[in-house]
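Engineer: According to our numbering, the sequence shown is numbered sequentially starting from 66.
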Amino acid sequence: MITVTTETTAAPAAADPLRRLSEEGVSVWLDDLSRERVTSGNLAELVTSGHVVGVTTNPSIFQAAIGSGKGYEEQLDDLAVRGVTVDEAVRMMTTADVRAAADVLRPVYEATGGRDGRVSIEVDPRLAHDTRATIAEARQLVWLVDRPNVMIKIPATRAGLPAITEVVGLGISVNVTLIFSLERYGEVMEAYLAGLEKARRKGLDLSAVHSVASFFVSRVDTEIDKRLTLLGTEEALGLRGRAALANARLAYQAYEEVFGGDRWTALAGAGANRQRPLWASTGVKDPAYKPTLYVDELVAPGTVNTMPEATLRATAAHGVIHGDTVTGGYARARADLAAVEALGISYDEVVRQLEEEGVAKFAAAWQDLLDAVAKSMNGKGVDGE
Numbered sequence: 066m067i068t069v070t071t072e073t074t075a076a077p078a079a080a081d082p083l084r085r086l087s088e089e090g091v092s093v094w095l096d097d098l099s100r101e102r103v104t105s106g107n108l109a110e111l112v113t114s115g116h117v118v119g120v121t122t123n124p125s126i127f128q129a130a131i132g133s134g135k136g137y138e139e140q141l142d143d144l145a146v147r148g149v150t151v152d153e154a155v156r157m158m159t160t161a162d163v164r165a166a167a168d169v170l171r172p173v174y175e176a177t178g179g180r181d182g183r184v185s186i187e188v189d190p191r192l193a194h195d196t197r198a199t200i201a202e203a204r205q206l207v208w209l210v211d212r213p214n215v216m217i218k219i220p221a222t223r224a225g226l227p228a229i230t231e232v233v234g235l236g237i238s239v240n241v242t243l244i245f246s247l248e249r250y251g252e253v254m255e256a257y258l259a260g261l262e263k264a265r266r267k268g269l270d271l272s273a274v275h276s277v278a279s280f281f282v283s284r285v286d287t288e289i290d291k292r293l294t295l296l297g298t299e300e301a302l303g304l305r306g307r308a309a310l311a312n313a314r315l316a317y318q319a320y321e322e323v324f325g326g327d328r329w330t331a332l333a334g335a336g337a338n339r340q341r342p343l344w345a346s347t348g349v350k351d352p353a354y355k356p357t358l359y360v361d362e363l364v365a366p367g368t369v370n371t372m373p374e375a376t377l378r379a380t381a382a383h384g385v386i387h388g389d390t391v392t393g394g395y396a397r398a399r400a401d402l403a404a405v406e407a408l409g410i411s412y413d414e415v416v417r418q419l420e421e422e423g424v425a426k427f428a429a430a431w432q433d434l435l436d437a438v439a440k441s442m443n444g445k446g447v448d449g450e
């Protein structure tokens, strides 16, 4: 359980890193969800006392939650008796959890005008390379969850880009996930703007559409650090732990440029909301790094940091939040990435590999979840296929 400070006994902001983070314009979201977290009241506690204003999920999170079976026994019994397919069973359970979490976050959603209080659910990761199926799945998820504060996650694959435009054009709020490269991030922002323009032509209310662009952080360091370590030179070893922050900081610079331009100004005048950068994969993978590295060093206004529970707990206890740590570091960021490239490590190759691996990992987690649910349903004497 995460220790939080209540409003009545709140410590000064300097002693409350999560509160300080919020005051710097960073929305704190929890990168985790389970039925037990909702039913136990833990999520509500984090929202009311722990500065958490949103929730993100992904196939791996659901695989861990539902795969454990805890809290899902009764629904699994009902689904097995009905003889539903495994795919339908998984969607009934995941959307039920997201719906319940959305109800917990609803007061935040209303208080922030839809900016926060969001719960994200991802389209079936097996559809990552199918534009039409992704659009259909997004529409279906909106209908199944049936809450205004749901946000549909669409991967930033080639096939995902036109899907983002179409789904935003329908007035649906989108969380674009699995962004690793600066080039792809630019294409994501373009897809969002095109979607808003499409929605405006349809006469939809742009102020009701919100979006975040999930820029993955720690996985960049994991891959580049591995290659730097293999090189083994003093220069190479000195660059470890710097590429991910550089990548994210340059992404924020790109965000400032796009959402400060004339095209955006016209949409903003029609009531549109910026697509905020969201720092994802913020739990450190290397135990040598400070647990709050990707929180402390990515503080910038108008961003979201979605944290796994361990990172949220570490930030609450040991985070050092001392203002904007992004906008003043663009020159250093460019130099760090250039130094990595100069050592023969291809940035383009790394980010392409990470995107492919990210899609594959989520698809594998989803299949593991399907297999676990099928086994459970078949164990009840009902054909789950």
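Backbone N, C-alpha and C define an ideal beta-carbon position, used for all residues, glycine too.
If you compare alpha carbons, which of Asp327, Gly260, Ala437, Pro82 is closest to Gly234?
Structural biologist: For the residues Asp327, Gly260, Ala437, Pro82, the minimum Cα distance to Gly234 belongs to Gly260.
Engineer: Using the rule of at least 16 other Cβ atoms within 10 Å of the residue's Cβ for burial, across every protein chain shown, is Leu332 buried or exposed?
Structural biologist: With 16 or more Cβ atoms within 10 Å of its Cβ, Leu332 is classed as buried.
Engineer: Between the Cα of Ser114 and those of Gly303, Tyr257, Ala381, spot the shortest distance and give me the residue it belongs to.
Structural biologist: Among Gly303, Tyr257, Ala381, the Cα nearest to that of Ser114 belongs to Ala381.
Engineer: Which class does Ile126 belong to by DSSP, given the choice of helix, strand or coil?
Structural biologist: DSSP places Ile126 in helix when its eight states are reduced to three.
Engineer: Find out if the Cβ-Cβ distance for the pair Ser238, Met254 is shorter than 7 Å.
Structural biologist: No, the Cβ-Cβ distance between Ser238 and Met254 is not below 7 Å.
Engineer: Go ahead and pull the three-state DSSP assignment for Ala337.
Structural biologist: Ala337 falls in the coil class under three-state DSSP.
Engineer: Pull the bridge partners of Ile217 from the DSSP assignment, please.
Structural biologist: According to DSSP, which records beta bridges pairwise, Ile217 is partnered with Ile186, Val239.
Engineer: Please classify Phe280: does DSSP put it in a helix, a strand, or coil?
Structural biologist: Strand.
Engineer: Which residues does DSSP list as the beta-bridge partners of Asn312?
Structural biologist: Beta-bridge pairing links Asn312 to no other residue.
Engineer: Would you kindly check if the distance between the Cβ of Leu315 and the Cβ of Ala396 is under 7 Å?
Structural biologist: Contact: no.
Engineer: Helix or strand or just coil, what does DSSP make of Val456?
Structural biologist: In this structure the chain extends from 66 to 450, so residue 456 is not present and cannot be described.
Engineer: In its own chain, which residues sit with a C-beta less than 6 Å from the C-beta of Gly90, not counting the 5 before and 5 after it?
Structural biologist: Only Pro366, Gly367 meet the Cβ criterion.
Engineer: Taking the C-alpha atoms as reference points, what is the distance between Tyr250 and Pro82?
Structural biologist: Cα to Cα, the separation comes out at about 29 Å.
Engineer: For the region 268-275 and the region 287-294, state whether three or more C-beta atom pairs, one from each stretch, are separated by less than 8 Å.
Structural biologist: No, they do not touch.
Engineer: Starting from Ser114, follow the alpha helix (DSSP H) in both directions and report where the run begins and ends.
Structural biologist: Looking at the DSSP string, the run of the alpha helix (DSSP H) that includes Ser114 is 107-114.
Engineer: Please name the residue, chosen from Leu98, Ala165, Gly134, that lies closest to Asp436 on a Cα-to-Cα basis.
Structural biologist: Nearest of Leu98, Ala165, Gly134 to Asp436, Cα basis: Gly134.
Engineer: For Ser87, report the span of its alpha helix (DSSP H) as first-last.
Structural biologist: 82-88 is the extent of the alpha helix (DSSP H) around Ser87.
Engineer: Give the straight-line distance between the Cα atoms of Ala80 and Leu419, rounded to the nearest whole angstrom.
Structural biologist: For Ala80 and Leu419, the distance between alpha carbons rounds to 37 Å.
Engineer: If you draw a straight line from the alpha carbon of His387 to that of Glu139, how long is it in whole angstroms?
Structural biologist: Rounded to the nearest angstrom, the two C-alpha atoms are 47 Å apart.
Engineer: Can you tell me which of the three DSSP states Pro172 falls into?
Structural biologist: Helix at Pro172.
Engineer: Throw me the rounded Cβ distance for the Glu187 and Thr230 pair, which I believe falls under 8 Å.
Structural biologist: Not confirmed; about 18 Å, so no contact.
Engineer: In terms of alpha-carbon separation, which member of Val149, Glu110, Met157 lies closest to Ile131?
Structural biologist: Considering only alpha carbons, the answer is Met157.
Engineer: Just mark Asp351 as buried or exposed, buried being the case when its beta carbon has 16 or more other beta carbons within 10 Å.
Structural biologist: That one is exposed.
Engineer: Check the C-beta distance from Ala193 over to Val424 and give it rounded, since I have them as a contact under 8 Å.
Structural biologist: Right, their Cβ atoms sit about 5 Å apart.
Engineer: Going straight from the alpha carbon of Thr371 to that of Val149, what length do you get?
Structural biologist: Rounded to the nearest angstrom, the two C-alpha atoms are 34 Å apart.
Engineer: The alpha helix (DSSP H) spanning Thr371 covers which residue range?
Structural biologist: Element bounds for Thr371: not the alpha helix (DSSP H) but the beta strand (DSSP E), 368-372.
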